[in-house]
Each structure stands twice: as structure tokens, then as C-alpha cells.
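Report on the following structure.
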Amino acid sequence: MLPLSGDVINKYSAGELVKNQTLGDWRTHDGIDMAAASGTPVKAVADGVVETVSDDPLWGKTVTISHSGGYSSCYSGLSDDVSLKDGQTVEIGQLVGYVGSSPLSEVALESHLHFGLKLDGQWVDPLVTMDKLQD
Numbered sequence: 001m002l003p004l005s006g007d008v009i010n011k012y013s014a015g016e017l018v019k020n021q022t023l024g025d026w027r028t029h030d031g032i033d034m035a036a037a038s039g040t041p042v043k044a045v046a047d048g049v050v051e052t053v054s055d056d057p058l059w060g061k062t063v064t065i066s067h068s069g070g071y072s073s074c075y076s077g078l079s080d081d082v083s084l085k086d087g088q089t090v091e092i093g094q095l096v097g098y099v100g101s102s103p104l105s106e107v108a109l110e111s112h113l114h115f116g117l118k119l120d121g122q123w124v125d126p127l128v129t130m131d132k133l134q135d
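With the first letter of the sequence shown counted as 1, position 131 gets the number 131 in the UniProt record's numbering; the numbers rise by one all the way through.
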């Protein structure tokens, strides 16, 4: 289960440098961008505990959830009306928030959710790893 149904408009770069269309520089893309209209519901990809709810200058409203097995999921570009709190338990499919405006680091792209997944603190490809997280 992914956090929403939408086309992947930017893939995980696996440590390879890719040109950022907004900032014009070369950097890794440590997640996937999923096309979605502003206001689209975003759901938790697995059971877990909210690590942080933050406002990042480049990534906007971001929720990070820790999961069993050393995984953590990161949802960026959310609207400001996130009701989750640090330390709150969440279940798979539970509402995390809603797609907001694109993060400042990716405003050149259409409206989307930036979704990242870590295993033991290292970014991994969500499209390849999701099945393992949900087993």
C-alpha cells in the first residue's frame, strides 16, 4: 500500500545525482513524488508511531513515522492541518494528512506528495521495499 493513489512523477534516485528542476542543482532524490491534487488524503503505509511532525524550510509540512523492523516513512508537502502528534500510534491506512502545496524544493513540479522510506536510517526505494515493510 502506498500513501495515496497517484502516478509516480519522480522516482527514487538510488544515490545517483539528478538535476532538481526547481533549484537547478544536482542532488539525490531520496524518495518518490506522487502526483496528487491539493487536498488529497495521505494515509499511513504501515502501523507505527509518529516520530515527528515538522515544518521544514525545503520540504514543507512533514510527518515521519517509525515502524517495526527498523523502517521509517516520511511524508512531505502536506497541508498545515495535520492532526497527528509526536508519539501518537498510527495504524496502516490511517489518515496522516492532506496533500498541500508542493515543497519549496520541488515547486516546479505539479502538485504532489514527496514520500520517502528509510531502513535502519538509510533511504531505500519505496517502490521496491514497500512489500517488505508490510509483511
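Cβ coordinates follow ideal geometry from the N, Cα and C atoms, glycine included.
Please read these numbers as outputs of a predicted model, since none were measured by experiment.
Taking a contact as a CB-CB distance under 8 Å, the pair residue 42 and residue 98 counts as one, their CB atoms being some 6 Å apart. Membership of residue 131 in the alpha helix (DSSP H) is indicated by the continuous run 126 to 133. The Cβ neighbour count for residue 68, taken over all protein chains shown within 10 Å, is under 16; the residue is labelled exposed.
In the three-state reduction of the DSSP assignment, residue 68 falls in the helix class, which pools H, G and I. The residue among 16, 12, 40, 37 with its C-alpha nearest the C-alpha of residue 116 is 12. Looking at the DSSP output, residue 33 sits in a beta bridge with 10, 114.
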